[in-house]
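Participant: Mind having a look at this structure? Questions to follow.
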Amino acid sequence: MSDPMIDITDVCFTYPDGTEALRGVSFRIGHGESVAIVGANGAGKSTLLQHLNGYLAPTRGDVRIGGQAFTRERIAEIRRSVGVVFQDPDDQLFMPTVFDDVAFGPLNLGVPPEEAERRAVASLDRVGMAHLRERPPHKLSAGEKRAVAIATVLALSPDVLVMDEPSSNLDPRGRRRLIELLATFEHTKIIASHDLELVVELCPRVIVLDGGLIVADGPTERLLSDEPLMLAHGLERPHILRHRHPH
Amino acid sequence: MDDLGRMDSPIHRIDARAKIIATAAFVLAVMSFPRYEVSALMPLFAYPFALIAVGNLPAGYLLKKVAVAAPFALFVGIFNPLLDRQPMGMIGPVAISGGWFSFASIMVRFTLTVSAALALVACTGIHRLCAGLKMLGLPSPFVVQLLFLYRYFFVIGDEGLRMLRAAEMRSTGARTLAFQTYGTLIGHLLVRSMDRAQRIYRSMVSRGFDGEVRLLRREAPGWRDVAFACGWIAFFAFARSWDLAEFVGRWLSRGPS
Amino acid sequence: MHMADALISPAVGGTMWATSAGLIAWCARKVKGVCDDRLVPMMGVMGAFIFASQMINFSIPGTGSSGHLGGGLILTILLGPHAAFLAIASVLTVQALFFADGGLLALGCNVFNLGFFPAFVAYPLIYRPIAGARRAGGRAWTAAIVAAVAGLQLGAFGVVVETKLSGISELPFGTFLMVMQPIHLAIGVVEGLATAAVVEFVARVRPEAIATTPAAALGQRSLRPVLAGLLVAAALAGGGLNWFASSHPDGLEWSISKLTGKEELEGSGDGPRGPAARIQEKTAFLPDYGFRPAESKPAPAESSAGPGAGPWPAVSAGTSVSGIVGGLITLIVAGLIGYLLKRGGRTTT
Ligand SMILES: Nc1ncnc2c1ncn2[C@@H]1O[C@H](COP(=O)(O)OP(=O)(O)OP(=O)(O)O)[C@@H](O)[C@H]1O
Ligand SMILES: [Mg+2]
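One line per chain: the protein sequences are A, B and C, in this order.
The numbers in the first sequence follow our numbering, run straight up by one, and end at 247.
The numbers in the second sequence follow our numbering, run straight up by one, and end at 504.
The numbers in the third sequence follow our numbering, run straight up by one, and end at 853.
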């Protein structure tokens, strides 16, 4: 494999109000890898994810997706290859029906209507929500909303799936379904989450963020069982790793 | 209302445009009757009744909505009987003034148009209605505006009610807020709404939004839809030109003699 | 102050519909021309916000009543006139369709009364000159209150004029005006206070949100065409009002009937006689049951109409027993048809 899927070098970002949310972040993620980004509230996870589809541009540093930098000409293409599932599905599902929402992306790409419809149906099928196609999004349960939000992104056939807090607001069953669904995706996955058990199940690698800096990057089991590390950065050792001992 | 719009019935299946046109013609027909008209309006009830019946809509629910909206018409119309005391008709020995006729006419028109509008929405659903309006030439930014408004009314309404409940719990429990609290609470709601708009925009952009919202609706009107619109318009024209109620009444009152 | 269909004549309703539709089309083009895509979700969410905020009331001290945000002015402050007009129109449309609040035919009137005045009169001519770029402090509050009062006064005046021109309500123009204007003075003050408080709050906690609202630019750039349009509209309205004022209500109906070729005024001396009038004349023979209003002289409102104007509808207006019986029976028949259709529908589904 030539270029890594995602290559981030020394990225800094300061919000207009002066908040330094990222202070020099670097990492590489290869094709097909599943990586979790964890950290306390305000650590900079969401800010970092917004750099991955060019919604935010780094104040300093470099972001490359599939070897490509974000330029005016490339940005549309890169956005197509990086699908972002946002924290609140209500922000992502803005169309009158589930179907319209899933078809929104393909139609924007200039795909002909029949093909857009086919893709929308296929994506809904993929997340098991095809029966909801004519429903208005505000009538869905939290779990259904989340699944449909994922479908809206799948309809663009992205190479990378970026998810911010995918399991928030889900009940245990909805969460279990989500984990099973995500486990079936072959895409490169980047998941920011406070749900460390989900992280253990889905991502072999984890990046720990604190105060806009990477404080650890390595195998999930080892980092998350490292009690002092976890506690130092506002996290705790997940239950499933409780009975195991760090090497 | 949403759930009603998604049901299936022969009326639901009619093209949204046909229903919009028929309803517009209906409202115009009703409004064009002379001000003292009451009985000649009655045949027009066939339209809302038909929509409700064939569309399997809950009549009681719609009726309640009509009643809720009635006070304004009542308020302005109620002066007619007081101000227009010219006798215009008799029921048995009692003379009825023109004001009562025009008042009754106002209320009948009100019931007709409001029930037809509600039935139209209930048997079409907002998104098909909007798509229909768009195809009839309503500017697309306005159609998108309607859809977004409808979509986020629920989200922001929920947010507002949650904040209200929290504020109530901390105050004396009064239903209305002190002005100070109100400004802060609504201000907060506004700020949150603005942030939400920004997040929505972000998610639109990340799915290729370029300023144009495209709706995938390919309804081609069939002969049924054309027949629906034309049939009703013909009926409205007929009912407008010939006083059916009068015919029936006269036929009956002549019967015995 | 949403008007209902029942109070509006097709002529007035249609005219206002055309006016509002034209304004919507114009604003839509303007908004699209700005090329700020952020406006699309912002307008929608702001409309929803206004809608939602109307569920929440504050108490007005000393009166026992309560008030809430009307929305026209604050939307214009946040979004600029064009986007705000579309947002207001959308709120009113949804209210008309889903809550039967204001009728379909009356929608044009309502959009105009509640949208045009705050967005294109009160904001550019009153709020901006007074408040300038300030969003907090005494001047901003004064601007909001004066602008809200002015907007609502104009709106209320619109309601009265439109109702009067429609000639369906018997309320005398002066009385209606005397009721509506003072009520809306109070409502306007409340609206202005609420608007000022909310705007100030946002300006305090999120100054950049108000400054970077996509529409800030939009409002400025297109102020001049608005003013020009306003002048034209004022001239047209003035001319129109004069024309209406000089012609009696029947004259209005009559001219409409001429325009549309439809017979509005059966029996009118100078109007063309349509098939309806002929039929009714031929069949108007039940003297025991029906009155010919020609004999039972017109109502007070028509006395102003002058002798040339014919009486209101012949047979049907004089309806009595036959009309009532007939009306009831057709109502029952209509209901029966509905019932049968329903049963028919059941069996097919
Ligand atoms: N729009 C903004 N303007 C200014 N500062 C911001 C903005 N968004 C986030 N911040 C600040 O940037 C920092 C990082 O925020 P970010 O949302 O990336 O954290 P996070 O790790 O996603 O937190 P959480 O777990 O709560 O989602 C925080 O200090 C936050 O207050
Ligand atoms: Mg976050």
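No residue lacks a Cβ here, since even glycine has one placed at the ideal position from N, Cα and C.
In chain order, what are the residue ranges of uninterrupted alpha helix (DSSP H) at least 4 long that sit wholly in the region 582-662 of chain C?
Facilitator: 585-603, 611-615, 632-635
Participant: For the region 450-468 of chain B, enumerate the residues whose C-beta is nearer than 9 Å to any C-beta of chain A, in chain order.
Facilitator: S450, M451, V452, S453, R454, G455, F456, D457, E459, V460, R461, L462, L463, R464, R465
Participant: Quick check: Q392 of chain B and L590 of chain C, are their CB atoms within less than 7 Å of each other?
Facilitator: Their beta carbons are under 7 Å apart, which means Q392 of chain B touches L590 of chain C by this criterion.
Participant: Of the choices A:I191, A:Q50, A:R79, whose alpha-carbon is the least far from that of L109 of chain A?
Facilitator: A:R79
Participant: CB-CB under 6 Å to C613 of chain C, same chain, minus the five flanking residues each way: which ones, in chain order?
Facilitator: M507, M520, E666
Participant: Please say whether L224 of chain A and L241 of chain A have beta carbons closer to each other than 7 Å?
Facilitator: yes
Participant: Taking Cβ to Cβ, would you say N169 of chain A is nearer than 7 Å to A142 of chain A?
Facilitator: Yes. Within cutoff.
Participant: Can you name the start and end residues of the beta strand (DSSP E) that T188 of chain A belongs to?
Facilitator: 188-192
Participant: Is any heavy atom of ligand 2 found at a distance shorter than 6 Å from the C-beta of K45 of chain A?
Facilitator: yes
Participant: Shortest alpha-carbon distance to P112 of chain A belongs to which of B:A351, B:F389, B:L463, B:W498?
Facilitator: B:L463
Participant: Going by Cα to Cα distance, which pick from C:E695, C:A522, C:G526, C:A515 is closest to I564 of chain C?
Facilitator: C:E695
Participant: Measure the Cβ-Cβ separation of F483 of chain B and A272 of chain B and say whether it is below 7 Å.
Facilitator: Taking 7 Å as the Cβ cut-off, F483 of chain B and A272 of chain B qualify as a contacting pair.
Participant: Alpha carbons only, please: which of A:A69, A:G24, A:A36, A:L235 is nearest the one belonging to I191 of chain A?
Facilitator: A:A36
Participant: Hey, is A21 of chain A close to ligand 1, as in C-beta under 6 Å from one of its heavy atoms?
Facilitator: yes
Participant: Straight-line CA distance for L424 of chain B to V208 of chain A?
Facilitator: 45 Å
Participant: Any heavy atom of ligand 1 closer than 6 Å to the beta-carbon of Y55 of chain A?
Facilitator: no
Participant: Mind pulling the chain C residues with CB within less than 7 Å of L411 of chain B?
Facilitator: I560
Participant: Tell me whether D62 of chain A, by its Cβ, gets closer than 6 Å to a heavy atom of ligand 1.
Facilitator: no
Participant: Thinking C-alpha only, which one of A:G218, A:E114, A:P106 is nearest I151 of chain A?
Facilitator: Strictly speaking, residue 151 of chain A in this sequence is Ala, with Ile absent from that position. Closest option to A151 of chain A, Cα to Cα, is A:P106.
Participant: When you compare only the Cα positions, how much space is there between D262 of chain B and G458 of chain B?
Facilitator: Straight-line Cα distance between these residues: approximately 28 Å.
Participant: Looking at the C-beta of L583 of chain C, does it have a partner C-beta in chain B at a distance below 7 Å?
Facilitator: no
Participant: Can you pull the chain A neighbours of I447 of chain B, defined as C-beta to C-beta under 7 Å?
Facilitator: Result: D91, F94.
Participant: Return the CA-CA distance between T523 of chain C and F616 of chain C, expressed in angstroms with no decimal places.
Facilitator: 8 Å
Participant: For the alpha helix (DSSP H) that contains F13 of chain A, what are its first and last residues?
Facilitator: Careful: F13 of chain A lies outside any alpha helix (DSSP H), inside the beta strand (DSSP E) at 6-14.
Participant: V84 of chain A versus chain B: which residues are under 8 Å apart at the beta carbon?
Facilitator: S450, S453
Participant: Can the beta-carbon of G252 of chain B be found less than 7 Å from the beta-carbon of T371 of chain B?
Facilitator: yes
Participant: Enumerate in chain order the residues of its own chain whose CB-to-CB distance from V127 of chain A is below 8 Å, with the five nearest sequence positions on each side excluded.
Facilitator: A147, V148, I150, A151, L154, L181
Participant: Where does the unbroken beta strand (DSSP E) through Y219 of chain A begin, and where does it stop?
Facilitator: In the sequence as presented, Tyr is not what sits at residue 219 of chain A; that position holds Pro. Membership of P219 of chain A in the beta strand (DSSP E) is indicated by the continuous run 213-219.
Participant: What are the residues in the region 537-561 of chain C lying within 8 Å of chain B by C-beta distance?
Facilitator: C539, D541, R542, V544, P545, M546, M547, G548, V549, M550, G551, A552, F553, F555, A556, S557, M559, I560, N561
Participant: In chain C, which residues lie less than 8 Å from F357 of chain B when you measure between Cβ atoms?
Facilitator: A508, D509, A510, G607
Participant: Roughly how many angstroms lie between the CA atoms of L618 of chain C and P257 of chain B, to the nearest whole one?
Facilitator: 38 Å
Participant: Are the beta-carbon atoms of L365 of chain B and K312 of chain B separated by less than 7 Å?
Facilitator: yes
Participant: What residues from chain B crowd round T523 of chain C, counting only those whose CB sits closer than 7 Å?
Facilitator: Near T523 of chain C there are no residues of chain B at all, since even the closest Cβ is about 15 Å away, more than 7 Å.
Participant: Determine the DSSP secondary structure at V301 of chain B, reduced to helix, strand or coil.
Facilitator: Three-state result, V301 of chain B: helix.
Participant: In whole angstroms, give me the CA-to-CA distance for F70 of chain A and E221 of chain A.
Facilitator: 34 Å
Participant: At a CB-CB cut-off below 9 Å, which residues of chain A make contact with I261 of chain B?
Facilitator: Here the premise fails: no neighbours, minimum Cβ distance about 17 Å.
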